[in-house]
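Contents: one structure, followed by commentary.
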Amino acid sequence: MLYLVATPIGNLDDITIRALKILNLVDIIACEDTRNTLKVLNHYEIKNKKLISYHKYNENKISEKIIKLLNNGTNIALVSDAGMPCISDPGYILVKKCKENGINVVPIPGANAALTALVGSGIESYNFTFFGFLSRKKTDRNIMINKILKNNLTSIIYESPHRIKNLIEEIEKIDSKRLISVGRELTKIHEEIITDTVSNIKNLISDSILKQKGEFVLIISPHRIQKEEIPNELIIKEIDILIKEGYKTSYAIKEVSAKYDLAKRKIYEIYHKQL
């Protein structure tokens, strides 16, 4: 059986009792970096475990080896350096191969940087899109930034210290007043989650922060169309789409009302005037 075990993202106390039981139980632990995993194992006095290296550069090759071991009855835990495997970390290829081979995969939930930053940001958290790390290629990166800033859901991005300032500057060029949140050193002594406009946060980021290790989590508030910008034709069209999908008119009006932050009565009047 393959276990996907979440490990702490900073504070070593952020690990579940179940995760510790699994790490003690399994025969082998597949690690993104064996040195980082050993720190966790030593902290909890988990001894004499066979560790194998599993990272983005050897995923395909080692996945085949792990599949053979699993088919022979070996219990294996997959861990990343921090947080949940498969979330901007290696693991997807192995899980896919396990599913194809009928091998049971058991996720052991725990710490996650994206969700930790999101719930501490004060930015809408009911619906969100996780983008992970953006491309380093300038053209692809700019396309994604523009797409994200048009997203009507909260967006979550991971970024490294030496690129976070450039990312914020790129966002400022498009929408300097957008509300964003930057999280760093999450769960550690110097944890910081700052929420403000893009311009204000750019001015708060010092050069000393950019020299630190670890990753930043950037939360971007949803794109909101100004009420005066919303044409009646768009409102009617969106209601009609929902109705064609099988929803009742009352539900469609409610959904469009929430999307554009307009009173349901106003949406009702706009829609029924054209009938």
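Numbering (our numbering), first residue to last: 444 to 718. Built from N, CA and C at the ideal position, the CB exists for glycine as well. Only a predicted model underlies this, so the values are computations on that prediction, with no experimental measurement involved.
*Using 7 Å as the cut-off, classify the Cβ of Ile519 as near or not near the heavy atoms of the ligand ATP, replying yes or no.*
Summarising the ligand content, the structure contains no ligands, and the ligand ATP is consequently not present.
_Selection from Tyr497, Leu463, Cys474 and Asn479 that minimises the alpha carbon distance to Ile489_ = For Ile489, the closest alpha carbon among the candidates Tyr497, Leu463, Cys474 and Asn479 is that of Leu463.
_Complete alpha helix (DSSP H) runs within the segment 513-560 (minimum length 4 residues, chain order)_ = List check, alpha helix (DSSP H) in window: 535-543.
*Contact under 8 Å by Cβ, Cys541 with Leu468*: Cβ atoms of Cys541 and Leu468: not closer than 8 Å.
*Could you tell me whether any Cβ in chain B is nearer than 8 Å to the Cβ of Tyr690?*
Included in the structure is just one protein chain, with no chain B present.
*Give every residue of the same chain whose Cβ lies closer than 6 Å to the Cβ of Asn570, excluding the five residues on either side of it in the sequence, and list them in chain order.*
Annotation for Asn570: Leu596 place their beta carbon closer than 6 Å to its own, counting only its chain and skipping 5 residues before and after.
_By the DSSP assignment, the beta strand (DSSP E) with Asp639 in it spans what residues?_
For Asp639, the uninterrupted beta strand (DSSP E) segment begins and ends at Glu635 to Thr640.
*Cα separation between Gly453 and Ile678?*
Rounded to whole angstroms, Gly453 to Ile678 spans 46 Å at the Cα level.
*Distance, Asn515 Cα to Ser568 Cα*: Note on geometry: alpha-carbon atoms of Ser568 and Asn515 lie some 43 Å from one another.
_Of the residues Asn547, Val522, Phe574 and Leu481, the one placed nearest Asn594, counting alpha carbons only_ = Comparing Cα positions, the closest option is Phe574.
*Run of the beta strand (DSSP E) containing Thr572, from where it starts to where it stops*: Counted as a single uninterrupted DSSP element, the beta strand (DSSP E) harbouring Thr572 occupies residues Phe571 to Phe576.
*Whose CA, out of Lys580, Asn589, Leu537 and Glu615, lies closest to the CA of Ile510?*
Closest by alpha carbon: Leu537.
*Could you check the C-alpha separation between Asp476 and Phe659 for me, to the nearest Å?*
The straight-line gap from Cα to Cα measures roughly 20 Å.
*Sort out for me which residues DSSP pairs Gly626 with in a bridge.*
In DSSP, Gly626 forms a bridge with Ile636 and Val660.
*Terminal residues of the alpha helix (DSSP H) in which Ile599 lies*: Per DSSP, Ile599 belongs to no alpha helix (DSSP H); it is in the beta strand (DSSP E), Thr597 to Glu602.
_Simplified DSSP state of Ser496, which is helix, strand or coil_ = Looking at Ser496 - three-state DSSP - the assignment turns out to be strand.
*asked:* Going by C-alpha to C-alpha distance, which of Gly657, Ile648, Thr630 and Lys590 sits closest to Tyr738?
replied: The requested residue 738 is not part of the displayed model; the chain covers only 444 to 718.
*Measure the CB-CB distance between Ala449 and Ile519 and report whether it falls below 8 Å.*
Ala449 is not a Cβ neighbour of Ile519, given a cutoff of 8 Å.
*Exposed or buried, which one is Asn614 when buried takes at least 16 other CB atoms within 10 Å?*
For the sequence presented, residue 614 should be read as Ile rather than Asn. In summary, Ile614 is buried, with 16 or more beta-carbon neighbours lying within 10 Å of its beta-carbon over all protein chains present.
*asked:* Once DSSP output is grouped into helix, strand and coil, what is the label at Leu468?
replied: Collapsing the DSSP output to three states places Leu468 in a helix.
*Grab the span of the alpha helix (DSSP H) containing Tyr711 for me, first residue to last.*
Looking at the DSSP string, the run of the alpha helix (DSSP H) that includes Tyr711 is Lys707 to Lys716.
*Roughly how many whole angstroms lie between the Cα atoms of Ile505 and Lys493?*
Ile505 and Lys493: Cα-Cα distance of roughly 15 Å.
*My guess is that Pro550 and Glu502 are in contact by the Cβ rule of under 8 Å, so how many angstroms apart are they, rounded?*
Not a contact, Cβ separation roughly 18 Å.
_Report the CB separation of Ile663 from Arg621 in whole angstroms; it is logged as a contact under 8 Å._
That pair is a contact at about 7 Å.
*Within the chosen definition, does the segment 708-717 reach the segment 676-693 through at least 3 CB pairs nearer than 8 Å?*
Contact holds: three or more Cβ-Cβ distances are below 8 Å.
*With DSSP as the reference, please indicate the residues paired to Val562 in a beta bridge.*
BP columns for Val562 are empty, so no partner.
*asked:* If you measure between the beta carbons of Ala560 and Ser603, is that distance less than 8 Å?
replied: Not in contact: Ala560 and Ser603 (Cβ atoms no closer than 8 Å).
*Alpha-carbon to alpha-carbon, Ala695 and Ser687*: Residue 687 is actually Lys in this sequence, not Ser. Using only the alpha carbons, I get a separation of about 10 Å.
_I need the straight-line Cα distance from Asp470 to Leu455, nearest angstrom please._
Whole-angstrom Cα-Cα distance: 22 Å.
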